[in-house]
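Quick notes on the structure that follows.
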Amino acid sequence: MKYKTIIFDLDGTLLNTLEDLRLSVNHSFNSQGINVNFSSSDIKSFIGNGVKVLYERAFQRVPNLDEEVKREIFHEYVEYYQNHRLDHTIPFEGVVSTLKLLKNQGIQLGVISNKNDDDTKAVVDYFFNDIFDFVIGNKENLPIKPNPLLFYLLANEYNFTNSNTLYVGDSIVDVTFAKNCEMDSALCLYGFGDYSKEMNPTYKINSFNELLNLEK
839 MKYKTIIFDL
849 DGTLLNTLED
859 LRLSVNHSFN
869 SQGINVNFSS
879 SDIKSFIGNG
889 VKVLYERAFQ
899 RVPNLDEEVK
909 REIFHEYVEY
919 YQNHRLDHTI
929 PFEGVVSTLK
939 LLKNQGIQLG
949 VISNKNDDDT
959 KAVVDYFFND
969 IFDFVIGNKE
979 NLPIKPNPLL
989 FYLLANEYNF
999 TNSNTLYVGD
1009 SIVDVTFAKN
1019 CEMDSALCLY
1029 GFGDYSKEMN
1039 PTYKINSFNE
1049 LLNLEK
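Here the numbering used here = 1-based position in the sequence shown + 838.
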């Protein structure tokens, strides 16, 4: 393995969170008397740029909502998802075993996600315990992917460089993030992304365990 550090996206890359997200978003609208039933495909099209953008995209499907109602819907989502984020979420096939093998090779492992920081750390801790060396999600006053700032903050703290780091994700946001950080990327074709878009990652993988055999 040529990489000393591998950093991962979370939703659609490590964990299949789609059903818990879908149910939570639908619940948040229905709790305010707004009858919606977003599909899995709808939710896939909403996610990738953090939960606030997710809701901006969802609100576009239900026009003319009062701003106060929007705030109540979003607040209900935050509360509900915190209590239901583990109901249906599971790691994708091969994720846990592959991460353990990578860690045993001495590779530093991390997570940079656009998911809220509290949710990111809670689900990573639940499913992966102490596998990762660092984990960070969307925090107030810090830009999210594809802005490269988080990468450079963590690189300074955990002593890695873009030349020996790989970023693994499932969307155009992740590939763009890697390019903005001038590091290699692996695109997970099993995830939530729209793979019809021209992304040009360094690698494309159909299953997570293919990370063990990357050559360049």
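Even for Gly, the Cβ is constructed at its ideal location relative to N, Cα and C.
In this text the structure is predicted, and so the values were computed from the model without any measurement.
Leu940 - DSSP class collapsed to helix/strand/coil: helix
Euclidean distance between Cα positions of Pro986 and Arg909: Arg909 has its alpha-carbon roughly 29 Å from the corresponding atom of Pro986.
Minimum C-alpha distance to Phe1030 - residue among Glu995, Ser866, Asn967 and Phe930: For Phe1030, the closest of Glu995, Ser866, Asn967 and Phe930 by C-alpha to C-alpha distance is Phe930.
Nearest residue (CA-CA) to Ile1010, options Asp925, Lys840 and Gly850: Gly850
For Ile881, three-class secondary structure by DSSP: Reduced to three states, the DSSP call for Ile881 is helix.
Three or more C-beta pairs below 8 Å linking the segment 965–978 and the segment 998–1015: no
Straight-line gap, Thr927 to Asp858 (C-alpha atoms, nearest Å): 6 Å
Minimum Cβ-Cβ distance from Asn994 to chain C less than 8 Å: Absence of chain C from the displayed structure is noted, only one protein chain being present.
Residue environment, Pro981, which counts as buried when at least 16 other CB atoms sit within 10 Å: exposed
Beta-carbon spacing of Ile881, Arg860 below 8 Å: yes
Residues near Asp956 by beta carbon distance below 8 Å, same chain, minus five either side: Gln920 and Gly975
Environment of Lys953 [buried if 16+ CB atoms lie within 10 Å]: buried
Cα-Cα separation, Val907 to Phe998: Roughly 45 Å separates the two Cα atoms.
Within 8 Å, strictly: CB atoms of Tyr918 and Ser866: yes
Cα-Cα separation between Leu903 and Phe897, rounded to whole angstroms: 8 Å
Reference Ala1016; option with closest CA among Phe846, Met839, Ala960 and Gln946: Phe846
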